[in-house]
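Novice: Attaching a single structure in structure tokens format; questions to follow.
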Amino acid sequence: MTDKEQILSLRSELHRHNYNYYVKSAPTISDREFDEKMHLLMQLEERHPELYDPNSPSQRVGSDLSHEFVQVRHRYPMLSLANTYNRADVQAFYDRVSQGLGGQAFDICCELKFDGLSISLIYEQGRLVRAVTRGDGEQGDDVTANVKTIRSIPLILNGGNYPDSFEIRGEVLMPWVSFETLNRQREMQGEPLFANPRNAASGTLKSKNSKVVAERRLDAYFYYLLGTELPTDSHYDNLQTVGRWGFKISDAMRTVRTLQEVMDYIDYWDKERSNLPVATDGIVLKVNSIAQQQELGYTAKTPRWAIAYKFQAERALTRLNEVTFQVGRTGAVTPVANMEPVHLSGTIVRRASLHNEDYIRALDLHIGDMVYVEKAGEIIPQVVGVERDERSEVSGNGLATPSPDTRTLEHPDTQSTAVTFPKTCPECGTPLVRYEGEAAHYCPNDATCPPQIKGKIEHFISRDAMNIDSLGPETVADYFERGLIHNVADLYELTVADITGGNTSRERSAQRVVQGIEASKQVPFERTLYALGIRFVGKVTARLIARHFRRLDKIIDCTLDDLLAVDGVGGVVAASVKHYFSEPKNMEIVNRLRSYGVQFEVSDKPSAAVNGQNAVLAGQSIVISGTFEHHSREEYKALIEDCGGKNVSSISAKTSFVLAGENMGPSKQEKALQLGIPLMTESEFLSLIGDAAGIASSSPVSSPPGESEGEASNLQSPTSNPKAPQQLDLFD
Ligand code: IVH
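Residue numbers for the sequence shown follow our numbering, so the first one is 1 and each next one is one higher.
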């Protein structure tokens, strides 16, 4: 088989496996075999840039290259649906349709209303050519590069009986599991949480870095085929057909005749939806015949042939017993409602977030109140209201006026005290501060406030940081309570004798702890920098800063502008880094860590390469073009310099070679060809510099969630949004 034949065959095989896995949920090969085939395809494609195909399955990995979105006008405007929350309106819709069709018989297609963001895809000759968000309904953002990373969206269609050109609409969603994993990661990195999967999906799809999108595992269901030559007159049958072309359609779709059947469908899914892998917020009812849809037509904004029935968010009423205040690693104080246990959407809820002082004030919350609890995005419980009629009023003279309600009378001594936010930290007594423009209160005592210290140490030892896996939250709490550790530097002075406290049965585990701490001294600088727990400095930011400055001293001494010059570092991060190193107490810890031998500079192997025999790129001018699998362009620039080469931006007769990634621009290709400059693939380049730069064992570089600029507006920031959830450990 020629390389070309092999590439084509791997592409079609991988398309099929993607479909089986992500659309049909019925894989026919193991993940490992899939990865091997993908790897082989990517290698072959790298060797043959002339066979580049934007719809190859390899394009699903996304790219680190930041891209701006181009606005595109929709061929057919993206309308919304009329909404209702009550069944009387559903009946009115049914009657209106019947009347509008002059008494003809009609079928209704009942569907789930998926709670994500709508997307419109255009296919030509069976290939995805464009994906556009709803935008204002008239024009939206071209998000094709991001959409291609969604594995359940076909890049090339199955079969051959599809129209030459058509548009299809559906919903991009973040499945519950991906949402939960993402928020857990964000919490560990001290980043604001997404309030619900819809915000997370929308923030992700609008990310400027398609690699972030690829990692976040979005999904998509399709519910509307547009065009003049539809396969049949039945909307339902058309969707079954598009299912065969490769699109994911919902199994929950049904066609019914009677109003009673519609109501039964609503009843069924109102309960069953909690078992679905993705969020839904209602039911969509559509007249099934396309001809009848046309007969009914549209109002200015919505079709007359469809309506959305929205589910009521599940709510429970229970008594507020107490409000406690939880202090997190960053010192943020979160008020937590402790309530009589109550059933809500399948779990028993005892605690719920009250967000911040403003939120408590707006609720006018009193201890003993009967409160309404909802699950925000159905996962994080929160108090959304107070049943005022059930409160024992405190009259002007301070005496309680008991409510006649029996539930209140069961608590005759409830004096209905208003909930107030503490002035001092509930853990250490330090006066709390509230920074201008922020809704949260903070305990500024990060040096001795117990939950802050324990939280910081837990972060320091975590897997992505110093990876001291012989320690865990309980051991940290134990050592802290026994006075063995007060900060991360103390870990390095722990001895086996300290840990065992004379108890010989603890000796083995104490040895493992000490060994684990010792081993952490070899953890590379970028992870040590992350481990320090500087606010807003997640894994990727730490890596960018470490690789840019290469030594901690340079970061300590640098200016704000120096930090802003690092690709990927913005004002908030830069200010936070400067602030961290300006604090003497932080510097004391940093200096102690340094004295124990923790890595505070990038491994010196590359500089040895420059100075020694291995300066493999000495005197060479190299142009970088395209996108890469193993490292970002910034990292390749650094590697070239490490190996004595020079990175230049445009191709000239002096260029030694072009480091050519995927999607290398055609003009660059042409210029290189004209001037006879050789192209080097990523793997060729890596093997050329391999040992010299000490990168042989490096793993693929990928951005973690939340570090792209494109999603900021979708975040529920604990600092700016009064309703922002801040902690996940609140919840049962
Ligand atoms: S049909 C002209 N079907 O709900 C009708 N929409 O307010 C086009 N949605 O923007 C939409 N599930 O994002 C349709 N099964 C479904 C849907 C659905 C969710 C969303 C969609 C639309 C919004 C309508």
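For each residue, glycine too, the CB sits at the ideal point set by N, CA and C. Computed from a predicted model, the values in this text were never measured in an experiment.
Got a sec: does the ligand IVH put a non-hydrogen atom nearer than 7 Å to the Cβ of ALA308?
Specialist: Checking the Cβ of ALA308 against the ligand IVH gives yes.
Novice: Taking only heavy atoms of the ligand IVH into account, decide whether any of them is closer than 7 Å to the Cβ of PRO524.
Specialist: no
Novice: Spell out the partners DSSP gives HIS366 in its beta bridges.
Specialist: ALA418
Novice: Check each candidate in SER582, SER9 and ILE108 and name the one with the smallest Cα separation from PRO57.
Specialist: SER9
Novice: Between ILE545 and VAL523, how many whole angstroms is the CB-CB distance? I'm expecting something under 8 Å.
Specialist: Their Cβ separation, rounded to whole angstroms, is 16 Å, which puts ILE545 and VAL523 out of contact at 8 Å.
Novice: Measure the alpha-carbon distance for ASN158 versus GLN185 and round it to whole angstroms.
Specialist: 36 Å
Novice: In the DSSP assignment, find the beta strand (DSSP E) that holds THR347 and state where it starts and stops.
Specialist: 347 to 353
Novice: Consult DSSP for VAL523 and reduce its assignment to one of helix, strand or coil.
Specialist: coil
Novice: Can PRO303 be considered in contact with the ligand IVH, in the sense that its beta carbon sits closer than 7 Å to one or more heavy atoms?
Specialist: yes
Novice: Only counting the same chain, and skipping five residues up and downstream in sequence, which positions put a Cβ closer than 7 Å to that of THR144?
Specialist: ARG130 and ALA131
Novice: If I follow the unbroken alpha helix (DSSP H) through TYR94, where does it start and stop?
Specialist: That run of the alpha helix (DSSP H) goes 87 to 100.
Novice: State the start and end residues of the unbroken beta strand (DSSP E) segment that holds LYS286.
Specialist: For LYS286, the enclosing beta strand (DSSP E) covers residues 280 to 287.
Novice: Between which residues of its own chain and PHE114 is the CB-CB distance below 7 Å, once the five residues before and five after are set aside?
Specialist: GLU171, LEU173, TYR221, VAL278 and THR280
Novice: Leaving out the 5 sequence neighbours to the left and right, which residues in its chain are closer than 6 Å to ASN721 when beta-carbon positions are compared?
Specialist: Any reading at ASN721 must be qualified, since the residue scores a pLDDT of 32, below 50, and its modelled position is unreliable; the value itself is stated next. Within the same chain, ASN721 has no close Cβ partners at all.
Novice: In this structure, how does DSSP classify HIS411 when only helix, strand and coil are distinguished?
Specialist: Only weak support is given to the placement of HIS411: the predicted model assigns it a pLDDT of 42, under 50, and the question is left unresolved by the model.
Novice: Using a Cβ cut-off of 8 Å (strictly closer), state whether VAL342 contacts chain C.
Specialist: In summary, chain C is missing from the structure at hand, where a single protein chain is found.
Novice: Tell me the DSSP bridge mates of GLU167?
Specialist: ILE122 and LEU226
Novice: Between the stretch 325 to 337 and the stretch 418 to 430, are three or more C-beta pairs nearer than 8 Å?
Specialist: Contact between the stretch 325 to 337 and the stretch 418 to 430 is established, with three or more Cβ pairs separated by less than 8 Å.
Novice: With 16 other CB atoms within 10 Å as the buried threshold, where does SER595 fall?
Specialist: That one is exposed.
Novice: Please state whether DSSP places ARG315 in a helix, a strand or coil.
Specialist: Assigned with DSSP and collapsed to three states, ARG315 falls in strand.
Novice: Are the CB atoms of ARG551 and ALA638 nearer to each other than 8 Å?
Specialist: no
Novice: Taking 8 Å as the threshold (C-beta atoms), are VAL514 and SER488 in contact?
Specialist: This sequence places Val at residue 488; Ser is not what is there. Taking 8 Å as the Cβ cut-off, VAL488 and VAL514 do not qualify as a contacting pair.
Novice: Taking only three categories from DSSP, how would you classify TYR236?
Specialist: helix
Novice: Tell me whether ARG134, by its Cβ, gets closer than 7 Å to a heavy atom of the ligand COA.
Specialist: Absent from the structure shown: the ligand COA. Ligands present: the ligand IVH.
Novice: In the DSSP assignment, find the unbroken alpha helix (DSSP H) run with ASP35 in it and report its ends.
Specialist: 31 to 47
Novice: How big is the Cα-Cα spacing for LEU182 and SER289?
Specialist: 41 Å
Novice: Note down, in chain order, each residue of its chain lying with its Cβ closer than 6 Å to the Cβ of HIS15, except the 5 sequence neighbours on either side.
Specialist: PRO57 and ILE156
Novice: Going by DSSP, name the residue or residues bridged to ALA131.
Specialist: LEU121
Novice: Buried or exposed for ALA660, going by 16 or more other Cβ atoms inside 10 Å?
Specialist: buried
Novice: With distance defined between alpha-carbon atoms, name the residue in ALA465, ASP358, SER274 and ASN356 nearest to THR347.
Specialist: SER274
Novice: Rounding to the nearest angstrom, what Cα-Cα distance links GLY612 and THR204 in this structure?
Specialist: Note that GLY612 scores 39 on pLDDT, short of 50, meaning its location in the model is unreliable and no value can be drawn from it.
Novice: Would ILE283 pass as a contact of TRP305 if the rule is Cβ separation under 8 Å?
Specialist: no
Novice: Measuring straight from C-alpha to C-alpha, what distance separates HIS411 and ILE119?
Specialist: Reliability of the predicted coordinates at HIS411 is poor, the pLDDT of 42 falling under 50, and no value is obtained from them.
Novice: Express the C-alpha separation of LEU230 and SER649 in angstroms, rounding to a whole number.
Specialist: Roughly 49 Å separates the two Cα atoms.
Novice: Can you name the residues that DSSP bridges to GLY140?
Specialist: VAL72
Novice: Going by DSSP in three states, VAL628 sits in which element: helix, strand or coil?
Specialist: Here residue 628 turns out to be Phe, not Val, going by the sequence shown. PHE628 falls in the coil class under three-state DSSP.
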